[in-house]
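*Asks:* Chain order of the listed sequences is C and U.
Sequential numbering from 6 applies to the first sequence in our numbering.
Sequential numbering from 52 applies to the second sequence in our numbering.
Backbone N, C-alpha and C define an ideal beta-carbon position, used for all residues, glycine too.
Structure below; questions to follow.
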Amino acid sequence: DAGVTQSPTHLIKTRGQQVTLRCSPKSGHDTVSWYQQALGQGPQFIFQYYEEEERQRGNFPDRFSGHQFPNYSSELNVNALLLGDSALYLCASSLGGQAAGYGYTFGSGTRLTVV
Amino acid sequence: GNSVTQMEGPVTLSEEAFLTINCTYTATGYPSLFWYVQYPGEGLQLLLKATKADDKGSNKGFEATYRKETTSFHLEKGSVQVSDSAVYFCALSENYGQNFVFGPGTRLSVLP
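Encoded structure:
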């Protein structure tokens, strides 16, 4: 039973570029949430996707956008990268549009470095 | 808005020492409370949770009690092991329906 799979594991981008991160949820899960974890800080909620729609959003600018595909996998896109976007991006999956309290499974994350 | 505060780390202990990591929260409603652990190079793993006042969550020798009167959820373990070295995050979720608000994390190092 595969857990949450994120790709790539590491990525280096230049300021102003665009980046796409990918997440495959745990088998049986249909809901994907994305978090940003800056170095030495706790994760911050970006947004959640269920039924191919953005259901909840945290306090992140429109440069952060996402998509969910019919197979429940998801992408996180960040445009016009800033140095401050350097972080570990975590994907978490769950079931039925339910959020944190009902049980997340986290992936190991994608480490994004913006230079 | 909701927030979580944790004691600053790093915390360094000798093996078999007693562990306490303090966590306090601010919430507009009646949240559920969680402790997550992050081992080096890995994602977050749920350690324990509590959903109402005076509930005690426990797992792998770790315990935390939901104290509504002091808005706290302190993590404790009676005898730590080297394998407990990790970063510990306290988190809340409002009414189970909202996504997590995490604290800043506390790094624990246990020396043999």
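Judging by CA-CA distance, which residue of C:Glu-57, C:Tyr-77, C:Gly-101 and C:Tyr-40 is the nearest neighbour of Ser-91 of chain C?
*Replies:* Nearest C-alpha to Ser-91 of chain C: C:Tyr-40.
*Asks:* Helix, strand or coil for Val-113 of chain C? Go by DSSP, reduced to three states.
*Replies:* Before going further, note that residue 113 of chain C is Ser rather than Val in the sequence given. Of the three classes helix, strand and coil, the one that applies to Ser-113 of chain C here is coil, per DSSP.
*Asks:* Using a Cβ-Cβ cut-off of 8 Å, state whether Glu-31 of chain U counts as contacting chain C.
*Replies:* Chain U is shown only over 52 to 163; residue 31 of chain U falls outside these bounds and no answer can be derived.
*Asks:* With DSSP collapsed to three states, give me the class of Ser-109 of chain U.
*Replies:* Ser-109 of chain U falls in the strand class under three-state DSSP.
*Asks:* Taking Gln-73 of chain C as the reference, which of C:Asp-67, C:Pro-66, C:Asn-82 and C:Phe-65 has the closest Cα?
*Replies:* Checked all of C:Asp-67, C:Pro-66, C:Asn-82 and C:Phe-65; the closest Cα to Gln-73 of chain C is C:Asn-82.
*Asks:* Quick check: the stretch 57-76 of chain U against the stretch 88-104 of chain U, are at least 3 beta-carbon pairs closer than 8 Å?
*Replies:* Not touching, per the Cβ criterion.
*Asks:* From Ile-3 of chain C to Asp-106 of chain U, what distance separates their C-alpha atoms?
*Replies:* A question about residue 3 of chain C goes unanswered here, because the residues of chain C that appear run from 6 up to 120.
*Asks:* Take the Cβ of Asp-67 of chain C as the centre, count every other Cβ of all protein chains shown within 10 Å, and call the residue buried at 16 or more, exposed below.
*Replies:* It is exposed - the Cβ of Asp-67 of chain C has fewer than 16 other Cβ atoms within 10 Å.
*Asks:* Which partner residues does Gln-89 of chain U have in the DSSP bridge list?
*Replies:* Paired residue(s): U:Leu-95 and U:Val-138.
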